[in-house]
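Number of protein chains: 2
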Amino acid sequence: MDIVNLAESFEAIEEYWSPRLAAELNGQHVKLAKLRGEFDWHHHADADELFLVVDGALTIELRDEGDVTLGKGELCVVPAGVEHRPVATEEARVLLFEPAGTLNTGNVASERTVEEIERV
Amino acid sequence: MDIVNLAESFEAIEEYWSPRLAAELNGQHVKLAKLRGEFDWHHHADADELFLVVDGALTIELRDEGDVTLGKGELCVVPAGVEHRPVATEEARVLLFEPAGTLNTGNVASERTVEEIERV
């Protein structure tokens, strides 16, 4: 049974906005990503997406609602279909939980789209 | 969009072995539980179960394999059908991911079975 150490796994991630697979269960993926700067506006048509900030702070801008800012040890769920844009002024280390196959850029294809997620 | 602060939520949990619901998404539950002592041996017939230790340390005893011990910031997945028993010699604060409706005592009914999970 594999143990994933979050701190060691984040240290091994070099690229920003490039999620890596930490665990798979019940058709869902647990991903780890280092974020810094502004991501692309997007939504996930059929997938709710959970963000848990492990270190740093993350603002999730929402097109039709107020923004949400998560500090270390805080989580929220962006429901399916809600257009959002993650923004981190400093490096943020984030755990994501969402259905397997969910693309990081959702409905938008960009140079930051990760088609094949790699293990941490 | 609700923000869940893990530290504050754990502070609000008084009972050991009594998971509370932190978030629901894609038919899955994110639960928080304070653990201390030995739980009951059990398995979940159809549900993989993720344990992430937010604070403290947790040993997951496995009937047919070596035990697994998770420290703070470590996670693992116990696959469906694998008999296990969580043990925490000191208080452990644990985040669980599993399908909605998964019972904490799995296939075993005991006085610690939580039928209706409450929100944190």
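As they're listed, the protein sequences go chains A and B. For the first sequence, my numbering gives the first residue as 1, with consecutive numbering after it. For the second sequence, my numbering gives the first residue as 1001, with consecutive numbering after it. Each residue gets a CB set at the ideal place from its N, CA and C atoms; glycine is no exception.
Quiz item: Roughly how many whole angstroms lie between the Cα atoms of L1035 (chain B) and L52 (chain A)?
Solution: What you label residue 1035 (chain B) is simply residue 35 of the second sequence in a count that begins at 1. What you label residue 52 (chain A) is simply residue 52 of the first sequence in a count that begins at 1. Approximately 21 Å, taken between the alpha carbons.
Quiz item: Just checking my contact of N104 (chain A) with V114 (chain A) at CB under 8 Å: how many whole Å lie between their CB atoms?
Solution: As a first step, residue 104 (chain A) is located in the first sequence; it is residue number 104 there, counting from the start. As a first step, residue 114 (chain A) is located in the first sequence; it is residue number 114 there, counting from the start. Going by Cβ atoms, the distance from N104 (chain A) to V114 (chain A) rounds to 5 Å, so yes, they are a contact pair.
Self-check item: Cβ-Cβ separation, V87 (chain A) to E38 (chain A) (assumed contact under 8 Å), whole Å
Solution: Within the first sequence, the letter at position 38 stands for residue 38 (chain A). Within the first sequence, the letter at position 87 stands for residue 87 (chain A). Contact holds; Cβ gap of about 5 Å.
Exercise. Could you check which residue in B:P1099, B:R1093, B:L1006 has the C-alpha nearest to that of W1017 (chain B)?
Key: Locating residue 1017 (chain B) in the second sequence gives position 17, where the first residue counts as 1. Out of B:P1099, B:R1093, B:L1006, B:R1093 has the C-alpha closest to the C-alpha of W1017 (chain B).
Quiz item: Taking Cβ to Cβ, would you say E98 (chain A) is nearer than 7 Å to E65 (chain A)?
Solution: Against the first sequence, residue 98 (chain A) aligns to sequence position 98. Against the first sequence, residue 65 (chain A) aligns to sequence position 65. No, Cβ-Cβ distance for E98 (chain A) and E65 (chain A) is not below 7 Å.
Quiz prompt | Contacting residues, own chain, Cβ-Cβ under 8 Å from E1090 (chain B) (five flanking each side not counted) | solution = By one-based count along the second sequence, residue 1090 (chain B) stands at place 90. For E1090 (chain B), where only same-chain residues beyond five positions count, the Cβ hits under 8 Å are R1036, G1056, A1057.
Quiz item: When burial is assigned at 16 or more other CB atoms within 10 Å of the CB, is S9 (chain A) buried or exposed?
Solution: On the first sequence, position 9 is the one that residue 9 (chain A) refers to. S9 (chain A) is buried by the Cβ-count criterion.
Quiz item: Are any of the Cβ atoms in chain A nearer than 7 Å to that of L1006 (chain B)?
Solution: In the second sequence, counting from the first residue as 1, residue 1006 (chain B) sits at position 6. With 7 Å as the cut-off, L1006 (chain B) counts as an interface residue toward chain A.
Practice problem: Output, in chain order, the set of chain B residues within a Cβ distance shorter than 9 Å of E65 (chain A). | Solution: For the purposes of this step, residue 65 (chain A) is taken as residue 65 along the first sequence, with counting starting at 1. In chain order: M1001.
Exercise. Could you tell me whether the Cβ atoms of V54 (chain A) and L6 (chain A) are closer together than 7 Å?
Key: Taking the first residue of the first sequence as 1, we reach residue 54 (chain A) at position 54. Taking the first residue of the first sequence as 1, we reach residue 6 (chain A) at position 6. Yes.
Quiz item: Does the Cβ of P19 (chain A) have 16 or more other Cβ atoms within 10 Å, making it buried, or fewer, making it exposed?
Solution: Along the first sequence, one-based indexing puts residue 19 (chain A) at 19. Buried is the call here.
Quiz prompt | Within-7 Å CB hit, D1055 (chain B) to chain A | solution = What you label residue 1055 (chain B) is simply residue 55 of the second sequence in a count that begins at 1. So, not an interface residue.
Self-check item: When B:G1081, B:T1059, B:V1004 are compared against L1032 (chain B), the one with the closest alpha-carbon
Solution: Position 32 of the second sequence, counting from 1, holds the residue named residue 1032 (chain B). Taking only the C-alpha atoms, the option nearest L1032 (chain B) is B:V1004.
Exercise. Express the C-alpha separation of E111 (chain A) and P79 (chain A) in angstroms, rounding to a whole number.
Key: The residue you call residue 79 (chain A) lines up with position 79 of the first sequence. The residue you call residue 111 (chain A) lines up with position 111 of the first sequence. Distance between the alpha carbons of P79 (chain A) and E111 (chain A) is about 24 Å.
Quiz item: If you draw a straight line from the alpha carbon of V1120 (chain B) to that of A1022 (chain B), how long is it in whole angstroms?
Solution: One-based indexing of the second sequence puts residue 1120 (chain B) at position 120. One-based indexing of the second sequence puts residue 1022 (chain B) at position 22. Rounded to the nearest angstrom, the two C-alpha atoms are 6 Å apart.
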